[in-house]
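Heads up: the sequence shown is residues 284 to 575, going by full-length UniProt numbering.
Have a look at the structure below before the remarks.
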Amino acid sequence: SATPATLSAISRAAKRGMVFKGGQSIDNVQSLNAIIFDKTGTLTIGKPTVTDAFFMEGVDQNTVKKVVKAAEYGSTHPIASALVDYLEDTELIELNTIQDITGKGFQVTHNGDIWKIGKHEFVITEDTISLEDEIGKIATQKENEGSTVIFVSKNKILTGYFALEDKLKKDSKDAIEQLNNMNIETIMVTGDNENTAQHIADLVGIKTVYANRMPDEKSSILDEIKQKYGNVGMVGDGINDAPALAKADIGFAMGSGTDIAMETADVVLIQDDLKQIPFAVLLSKKMKRIIM
Ligand code: ADP
Ligand code: MG
Numbered sequence: 284s285a286t287p288a289t290l291s292a293i294s295r296a297a298k299r300g301m302v303f304k305g306g307q308s309i310d311n312v313q314s315l316n317a318i319i320f321d322k323t324g325t326l327t328i329g330k331p332t333v334t335d336a337f338f339m340e341g342v343d344q345n346t347v348k349k350v351v352k353a354a355e356y357g358s359t360h361p362i363a364s365a366l367v368d369y370l371e372d373t374e375l376i377e378l379n380t381i382q383d384i385t386g387k388g389f390q391v392t393h394n395g396d397i398w399k400i401g402k403h404e405f406v407i408t409e410d411t412i413s414l415e416d417e418i419g420k421i422a423t424q425k426e427n428e429g430s431t432v433i434f435v436s437k438n439k440i441l442t443g444y445f446a447l448e449d450k451l452k453k454d455s456k457d458a459i460e461q462l463n464n465m466n467i468e469t470i471m472v473t474g475d476n477e478n479t480a481q482h483i484a485d486l487v488g489i490k491t492v493y494a495n496r497m498p499d500e501k502s503s504i505l506d507e508i509k510q511k512y513g514n515v516g517m518v519g520d521g522i523n524d525a526p527a528l529a530k531a532d533i534g535f536a537m538g539s540g541t542d543i544a545m546e547t548a549d550v551v552l553i554q555d556d557l558k559q560i561p562f563a564v565l566l567s568k569k570m571k572r573i574i575m
């Protein structure tokens, strides 16, 4: 059973908006050697908006917009919500087939044409265009500035792209800085592309980045990081973070996240404030001294 020191630490944490589900996890926070952060919805607010759209010359823009809206309409992904909001005035049509390809985008058919909508690794093949082309350079530049670029192709020919921006949470940078100063290794894992991920990591001070990862890879990356560093924490908000949250020595879920993330984690950050994590480390260290 929990000691008075543990109970007092749990209640102090709760007053700060951090719910520990058991005494064991608050005891263990001080022993974390590394903490893995999901990007979207954890370090960033997780509500991207479309900042601009680009269409190749000679392309029927309205058809592109209609196909994209129809593809994204049924999805709950934050990127889908952003695109549907942006295409508010576009007619909602029915497509022949829709394939939701997790971690990549959509492949749909419409009037006998095959469309792909998603990340460049998925949409851009040798037949579409190369990233060395003018449009590829513009898109890469946008990614380097932190945007996520969603490309659209029709029968393997590029038709255009939509650039989306997600804002950092106001406490992300401070939280990471405090953890770095405590010599806890901070690591980012994301499905987003390398350029965008690196830009966000630089902004907050994370040095190790695993980008372009499929949702089901998060838990095997955790194993890898555990081998290297020892005790590992995981911070996330999504359904796809749940397996890693469960497997981590301590899983932290964002209060704004999905139910499954909150159910699986050991700690819930009710106010979504990442600075609670370094605070918990200090609290846990202090508690250890009281007990010993
Ligand atoms: P994250 O780790 O940022 O939550 P996901 O694994 O959900 O990323 O998605 C990875 C990438 O797949 C996105 O950055 C985007 O390029 C592409 N993608 C995901 N969902 C969609 C969608 N609904 N429409 C278009 N592209 C998508
Ligand atoms: Mg997320």
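Even glycine gets a Cβ: it sits at the ideal position worked out from N, Cα and C.
Reduced DSSP secondary structure (H/G/I, E/B, other) of Q390: Secondary structure of Q390 (DSSP, three-state): strand.
Verify whether the separation of the beta carbon atoms of K352 and V367 is less than 8 Å. A distance below 8 Å separates the beta carbons of K352 and V367.
Inter-stretch contact (C-beta, 8 Å, three-pair minimum) for the segment 335-342 and the segment 484-499: Fewer than three Cβ pairs drawn from the segment 335-342 and the segment 484-499 lie within less than 8 Å of each other, which leaves the two stretches out of contact.
For D321, report the span of its alpha helix (DSSP H) as first-last. Looking at the DSSP string, D321 is not in any alpha helix (DSSP H); the run it does join, the beta strand (DSSP E), is 317-321.
Exercise answer, beta-carbon shell around the ligand MG heavy atoms below 5 Å: Put simply, the residues with a CB less than 5 Å from any heavy atom of the ligand MG are D321, T323, G324, D520, G521, in chain order.
Which same chain residues, not among the five before or five after D383, have their C-beta less than 7 Å away from its C-beta? Around D383: S358, F389.
Would you check if the distance between the CB atom of G324 and the CB atom of G521 is smaller than 8 Å? Yes, the pair counts as a contact, with Cβ atoms nearer than the cut-off.
Tell me the DSSP bridge mates of S436? Per DSSP, K399, L441.
Any heavy atom of the ligand ADP within a distance shorter than 7 Å of the CB on K387? It does: the Cβ of K387 is within 7 Å (strictly closer) of some heavy atom of the ligand ADP.
Identify the continuous beta strand (DSSP E) that holds T334 and give its terminal residues. Segment 332-338, the beta strand (DSSP E) holding T334.
Measuring only from the beta carbon, is T373 closer than 7 Å to any heavy atom that is part of the ligand ADP? No; taking the cut-off as 7 Å, the Cβ of T373 has no heavy atom of the ligand ADP nearer than that.
Our contact map puts G300 next to Q554 with C-beta atoms below 8 Å; I'd like the distance itself, whole angstroms only. Indeed, because the Cβ distance is near 4 Å, the residues count as touching under 8 Å.
Considering only residues of the same chain and omitting the five flanking positions on each side of D532, which have a CB-CB separation below 7 Å? Short of 7 Å from the beta carbon of D532, and not among the five residues preceding or following it, lie these beta carbons of its own chain, in chain order: N311, L315, N514, V515, G516.
Under 8 Å between the Cβ atoms of V432 and K439? No. Outside cutoff.
Nearest CA to the CA of E417: which residue from D396, L441, K402, F405? Closest option to E417, Cα to Cα, is L441.
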